[in-house]
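Counting in this note's numbering, the sequence shown runs from 57 upward without gaps. Even for Gly, the Cβ is constructed at its ideal location relative to N, Cα and C.
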Amino acid sequence: MTRRLSAAVGAIASGITLPTAAAPIQAPVQTPERSSQVVRKLYPNYKVIVLDDDFNTFEHVHECLVKYIPDMTSDLAWEHTYQIHFEGQAIVWVGPQEQAELYHEQLSRAGLTMAPLEAA
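1. Of all the options Leu98, Gln82, Pro100 and Val106, which has the alpha carbon lying nearest to the alpha carbon of Phe142?
2. Using a Cβ distance threshold of 8 Å, determine whether the region 158-175 contacts the region 107-121, with at least three qualifying pairs required.
3. Return the CA-CA distance between Ala133 and Pro88, expressed in angstroms with no decimal places.
4. Between Tyr102 and Leu163, how many whole angstroms is the CB-CB distance? I'm expecting something under 8 Å.
5. In whole angstroms, give me the CA-to-CA distance for Val104 and Met128.
6. What's the gap between the Cα of Val148 and the Cα of His136?
7. Taking all protein chains shown into account, decide if Ile140 is buried (16 or more other Cβ within 10 angstroms of its Cβ) or exposed.
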């Protein structure tokens with residue numbers, strides 16, 4: 057008999073239990089390292105669109121654009137006003153969503169007919 061076998065037979069005879077085969081050892085799980093780089097995603101811009109209607113005057117549309125849209129010149133407001141009338145709509149401002157919502161709301165409350173905000 058081999059030395060192991062005789063030790064096992066002797067252990068069994070003396071009432072000692074031998075360890076059985078252990079559960080298979082699993083390799084450690086590696087978690088992916090976190091990147092230390094910050095990824096910056098740009099927020100989408102939104103379009104403020106004024107629609108043509110049959111009840112707002114040219115002057116009222118012009119005044120509202122100058123009053124509520126920042127940096128809107130009188131000449132540009134007139135261009136938008138004519139575009140709204142002849143083409144049915146005009147994009148009067150493009151920028152971050154929160155500001156677009158504000159300008160959209162202000163123009164709407166002033167009585168202008170507005171298209172829903174659209175991502176640019």
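According to the data block:
1. The residue with the shortest Cα to Cα distance from Phe142 is Val106.
2. Because the criterion of three Cβ pairs below 8 Å is met, the region 158-175 and the region 107-121 touch.
3. So the two alpha carbons sit approximately 54 Å from each other.
4. Cβ-Cβ separation between Tyr102 and Leu163: approximately 13 Å, too far for a contact (criterion under 8 Å).
5. Rounded to whole angstroms, Val104 to Met128 spans 13 Å at the Cα level.
6. In this structure, the CA atom of Val148 is about 7 Å from the CA atom of His136.
7. Ile140 is buried by the Cβ-count criterion.
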